[in-house]
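Undergrad: Supplied in structure tokens, the structure appears directly below.
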Amino acid sequence: MTARTSLKTVSDELQHGKWELTPVAIQAGKLLARRLFAGASLKCDYVNVPTTVFTPMEYGSCGYPEEKAVEIYGQENLEIYHSLFWPLEFTVAGRDNNRCYAKIICNKLDNDRVIGFHYLGPNAGEVTQGFGAAMKCGITKDQLDNTIGIHPTCAEVRVTKSSG
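In full-length UniProt numbering, the protein residues as written are 1 to 164.
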């Protein structure tokens, strides 16, 4: 806020439930500028934000965590799929036999649309970025199951074990 009425300021501020990530702030700023000066109406999607934690065992996610999905849609309207796998990268000599994990959360009331993706394993950033794009397009479990995977990659992991 400024004392001059003709001068406006814009900044990103942390809002409850919003990601505090540079790419999110950049996207939100671009979309705001387009709304203010170009007559656009698109707003930033704060739900389908792919993100990764680059620890020795990388973790990536996009969409809702399971707890939030249950809160919004109800447990009875969700199908949770899990997969434990051993990636090719771990077959080299001297590597610990660590397992990796993937989970998707689907909304049964919306044609099993994928509303959450969680991945613990190698190359989580690359895997999660692809899932993030697919989720922005509204990918369903059936579409995911009918996608031909690239072999041998962690992105081809099939999340088929249902929680129900």
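Even glycine gets a Cβ: it sits at the ideal position worked out from N, Cα and C.
Measuring alpha carbon to alpha carbon, tell me which of Val157, Val49, Glu66, Ala69 ends up nearest Ile26.
TA: Ranking the options by Cα distance to Ile26, first place goes to Val49.
Undergrad: Say whether the region 35-44 touches the region 124-141, bearing in mind that this needs 3 or more beta-carbon pairs closer than 8 Å, one atom from each stretch.
TA: Verdict: no, contact absent.
Undergrad: What did DSSP end up calling Thr55 once you bin it into helix, strand or coil?
TA: Correct three-state label for Thr55: coil.
Undergrad: Near Gly138, which residues of its chain fall below 8 Å by C-beta distance, leaving aside the five closest residues on each side in sequence?
TA: Excluding residues within five positions, the ones whose Cβ falls inside 8 Å are Arg113.
Undergrad: With respect to the alpha helix (DSSP H) encompassing Gly150, which residues constitute its N-terminal and C-terminal limits?
TA: This sequence places Ile at residue 150; Gly is not what is there. Premise fails: Ile150 is in no alpha helix (DSSP H) and is neither H nor E.
Undergrad: Anyone know if the C-beta pair for Ile105 and Leu78 falls short of 8 Å?
TA: It is a contact, given that the beta carbons lie within the stated cut-off.
Undergrad: Might you give, ordered along the chain, the residues of its own chain that have their beta carbon closer than 6 Å to the beta carbon of Ala28, omitting 5 neighbours on each side?
TA: The residues are Cys44.
Undergrad: Return the first residue and the last residue of the beta strand (DSSP E) that residue 165 is part of.
TA: No answer is possible for residue 165: the residues shown for the chain start at 1 and end at 164.
Undergrad: In whole angstroms, give me the CA-to-CA distance for Phe85 and Thr22.
TA: Approximately 32 Å, taken between the alpha carbons.
Undergrad: Nearest CA to the CA of Glu66: which residue from Asp142, Val157, His118?
TA: Comparing Cα positions, the closest option is His118.
Undergrad: Which runs of the beta strand (DSSP E), 3 residues or longer, sit entirely within the region 52-135?
TA: Here the runs fully enclosed are 59-63, 78-85, 100-107, 113-120.
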